[in-house]
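As they're listed, the protein sequences go chains A and B.
Using our numbering, the letters of the first sequence correspond one by one to residues 19 to 231.
Using our numbering, the letters of the second sequence correspond one by one to residues 863 to 1094.
For every residue, glycine included, the Cβ atom is placed at its ideal position computed from N, Cα and C.
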Amino acid sequence: MSVMYEQLSTVVLKGNEVATPDLVQKALDEGMVPKEILDSGLIVGMNEVGARFKRGQMFVPEVLMSAKAMHAGMEVLRPHLVASGAKLIGKIVLGTVKGDLHDIGKNLVGMMCEGAGFEVINLGFNVEPEKFVKAIKEHQPDVVGMSALLTTTMRAMGYTIKAIEEAGLRDQVKIMVGGAPVDADFAERIGADGYGSNAVNGVEVAKQFVGTV
Amino acid sequence: MSQPEKLPVVIISCLVLQNMLERLLPANLAEQVSFLDYGLHRVPDKLTWTLQDAVDSVEKPSLVVLGYGLCGNGLDGLKAGKHTLLVPRADDCIAILLGSRQAYIREFESVPGTYYLSKGWLESGSHPLKEYNECVEKYGPEDAAWIMDQQYQHYERLALVTHSESDMDKYRPQAEEVAEYCEQWGMRYEEILGSDDYVRQLIEVATALDKAGDDFVVIPPGGEIRQEQFIR
């Protein structure tokens, strides 16, 4: 069993978009539990991707290929996750903040939140504070996740939180922030409830918010 | 902030500012000038360690002038030690190349999705076309194209920033080649004549720290550069 988990995490780490879905299928055929394939296999691989990226041992193209492999694996896994009774654990609204058009990390968080059982409403990039406010009113999410790649644009996270406060919606959502320049100090300063240091960690934070960890 | 006794001036800068600094630095201002490699900001932690080593290796207590901005938090956590640090209060080199924070904000507000090219970035081969070619070698054309789409599909403009008409003429052909590649995402090509005002001011402040004002961060000995000092 553990060999299979190791292989699953390795194919994600290597960004192998062909081997990953094949191996997921093989694991399913062998009767492995879908949630375990995800948690002990694919996510372990993605976690290592995040760590290596932070240390400069992996770069954006490699991270993208890993995300693509993970995505291909999820396509095979998703119907089985649903069939095995994994229920929706919450709803999350995600967006890259105003002025910022980088969405690789945010989309990765979205894909992994889906895998974890969230309903994900992805607002895209360059999202104005008002659009976050509108989405909260419309979708009534449990969690709002904001992302930025640049120190220039991460300030917009603070403005967005203010807008959510002014709309009287702050108490009904948990807010998490993430992206390369964001750290725990910054998250606290702008009044966010949490911070994800990478995609896997972001999902963990969201899960904590809805009380499933 | 006063400069009690005249400290020796040491300059540590990214190569991207080399030309401007070498052109504008008065002959006897700095005891030591060193340039560090382009692109260290891609791994901000690496930029921090590399700069910390460079700062720590300066022997005498000095005014260490850093030719950097916050650079993706690469300067966050940099410790002054026995030195005084002076750094432009800019997010990255774009504001410095354009001449001021105001010029940067103007460009940013008009087209947020701008990919900036400069002499330094072109010479070091840091641009989407080069990246694409490297990815093709590694992943083949199909995955390479997808990887590039993921990174650049939302950008709207490619802007070449230089500091003279002659440099504009010199780097235009190379920039246009990159621009042609970037057209697939609807990016338009523009040329911006930057200004050396920010670097001039940096040099001026290095001779009189009390002129630092709002556009520079000064860290006294024992202090540390923090991200929040750059946020305004």
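DSSP on residue i, reduced to helix/strand/coil?
{"i": "S919 (chain B)", "result": "coil"}
{"i": "Q865 (chain B)", "result": "Since pLDDT at Q865 (chain B) reaches only 49, below the 50 mark, its modelled position is unreliable, and the value read off the structure follows with that caveat. Q865 (chain B): coil per DSSP, three-state reduction."}
{"i": "V36 (chain A)", "result": "coil"}
{"i": "G982 (chain B)", "result": "helix"}
{"i": "M92 (chain A)", "result": "helix"}
{"i": "L932 (chain B)", "result": "coil"}
{"i": "E137 (chain A)", "result": "strand"}
{"i": "M194 (chain A)", "result": "strand"}
{"i": "V927 (chain B)", "result": "strand"}
{"i": "V151 (chain A)", "result": "helix"}
{"i": "T230 (chain A)", "result": "coil"}
{"i": "A205 (chain A)", "result": "helix"}
{"i": "A210 (chain A)", "result": "coil"}
{"i": "S1028 (chain B)", "result": "helix"}
{"i": "E1053 (chain B)", "result": "strand"}
{"i": "L168 (chain A)", "result": "coil"}
{"i": "E48 (chain A)", "result": "coil"}
{"i": "G1002 (chain B)", "result": "helix"}
{"i": "A1021 (chain B)", "result": "strand"}
{"i": "L106 (chain A)", "result": "coil"}
{"i": "G186 (chain A)", "result": "coil"}
{"i": "L119 (chain A)", "result": "coil"}
{"i": "V200 (chain A)", "result": "coil"}
{"i": "F71 (chain A)", "result": "helix"}
{"i": "V905 (chain B)", "result": "coil"}
{"i": "F970 (chain B)", "result": "helix"}
{"i": "P950 (chain B)", "result": "strand"}
{"i": "Y1060 (chain B)", "result": "helix"}
{"i": "K4 (chain A)", "result": "The first residue shown for chain A is 19 and the last is 231, placing residue 4 (chain A) beyond what the model contains."}
{"i": "S215 (chain A)", "result": "coil"}
{"i": "Y900 (chain B)", "result": "coil"}
Give the interface partners of residue i over in chain A, defined as CB-CB distance under 9 Å, in chain order.
{"i": "E846 (chain B)", "result": "The structure shown has nothing for residue 846 (chain B), since chain B only spans 863 to 1094."}
{"i": "I1081 (chain B)", "result": "By Cβ distance, chain A contributes nothing, its closest Cβ being about 17 Å from I1081 (chain B), past 9 Å."}
{"i": "I1054 (chain B)", "result": "Residues of chain A passing the Cβ test: none, with the nearest at roughly 17 Å."}
Mind pulling the chain B residues with CB within less than 9 Å of residue i?
{"i": "N144 (chain A)", "result": "P974, G975, H1016"}
Does residue i come within less than 8 Å of chain B when only Cβ atoms are used?
{"i": "I122 (chain A)", "result": "yes"}
{"i": "T169 (chain A)", "result": "yes"}
{"i": "P79 (chain A)", "result": "yes"}
{"i": "G117 (chain A)", "result": "yes"}
{"i": "G74 (chain A)", "result": "yes"}
What distance in whole Å lies between the Cβ atoms of residue j and residue i, which are believed to be in contact at a cut-off of 8 Å?
{"i": "M88 (chain A)", "j": "M50 (chain A)", "result": "Contact doesn't hold; Cβ gap of about 17 Å is too wide."}
{"i": "T910 (chain B)", "j": "L940 (chain B)", "result": "6 Å"}
{"i": "T230 (chain A)", "j": "G934 (chain B)", "result": "Going by Cβ atoms, the distance from T230 (chain A) to G934 (chain B) rounds to 33 Å, so no, they are not a contact pair."}
{"i": "V1067 (chain B)", "j": "L891 (chain B)", "result": "Their Cβ separation, rounded to whole angstroms, is 12 Å, which puts V1067 (chain B) and L891 (chain B) out of contact at 8 Å."}
{"i": "P147 (chain A)", "j": "V111 (chain A)", "result": "In fact, because the Cβ distance is near 13 Å, the residues do not count as touching under 8 Å."}
{"i": "Y900 (chain B)", "j": "S986 (chain B)", "result": "4 Å"}
{"i": "L979 (chain B)", "j": "L1022 (chain B)", "result": "5 Å"}
{"i": "G819 (chain B)", "j": "P906 (chain B)", "result": "Residue coverage of chain B in this structure runs from 863 to 1094, which leaves residue 819 (chain B) outside it and unanswerable."}
{"i": "P1035 (chain B)", "j": "H945 (chain B)", "result": "Going by Cβ atoms, the distance from P1035 (chain B) to H945 (chain B) rounds to 43 Å, so no, they are not a contact pair."}
{"i": "L883 (chain B)", "j": "G929 (chain B)", "result": "6 Å"}
{"i": "L82 (chain A)", "j": "I139 (chain A)", "result": "About 23 Å; that fails the 8 Å criterion."}
{"i": "Y1017 (chain B)", "j": "Y977 (chain B)", "result": "5 Å"}
Who are the neighbours of residue i on chain A, taking C-beta pairs under 7 Å?
{"i": "Q1012 (chain B)", "result": "L82, I122"}
Run down chain B in chain order and give the residues with a C-beta less than 7 Å from the C-beta of residue i.
{"i": "P199 (chain A)", "result": "G934, N935"}
{"i": "R173 (chain A)", "result": "I1093"}
So that I know if they touch, is there some Cβ in chain A lying closer than 8 Å to that of residue i?
{"i": "F1078 (chain B)", "result": "no"}
{"i": "Q865 (chain B)", "result": "Because Q865 (chain B) sits at a pLDDT of 49, beneath the cut-off of 50, its placement in the model cannot be relied upon, and the following sentence gives the value as read from the coordinates. Judged by the 8 Å Cβ criterion, Q865 (chain B) is not in contact with chain A."}
{"i": "I1065 (chain B)", "result": "no"}
{"i": "D1009 (chain B)", "result": "The residue you asked about is not Asp; residue 1009 (chain B) is Ile in the sequence shown. Interface residue, yes."}
{"i": "D1058 (chain B)", "result": "no"}
{"i": "D1031 (chain B)", "result": "no"}
{"i": "V1072 (chain B)", "result": "Per the sequence presented here, residue 1072 (chain B) reads as Asp, with Val not at that position. It does not: the Cβ of D1072 (chain B) has no partner Cβ on chain A nearer than 8 Å."}
What does residue i touch in chain A if you count any residue whose Cβ is under 8 Å from its own?
{"i": "Y1001 (chain B)", "result": "P79, M83"}
{"i": "D953 (chain B)", "result": "L168, T169, T170"}
Spell out whether any CB of chain E is found under 8 Å from the CB atom of residue i.
{"i": "V100 (chain A)", "result": "Annotation note: the requested chain E is absent from the structure, which comprises protein chains A and B."}
Could you run through the segment 911-939 of chain B and flag, in chain order, every residue whose CB is less than 7 Å away from some CB of chain A? L932, G934, N935
Members of the segment 881-913 of chain B near chain A, C-beta cut-off 8 Å: R904, V905, P906, D907, K908
Please identify, using Cβ separations under 7 Å, the residues of the segment 984-999 of chain B that lie next to chain A, in order along the chain. C997
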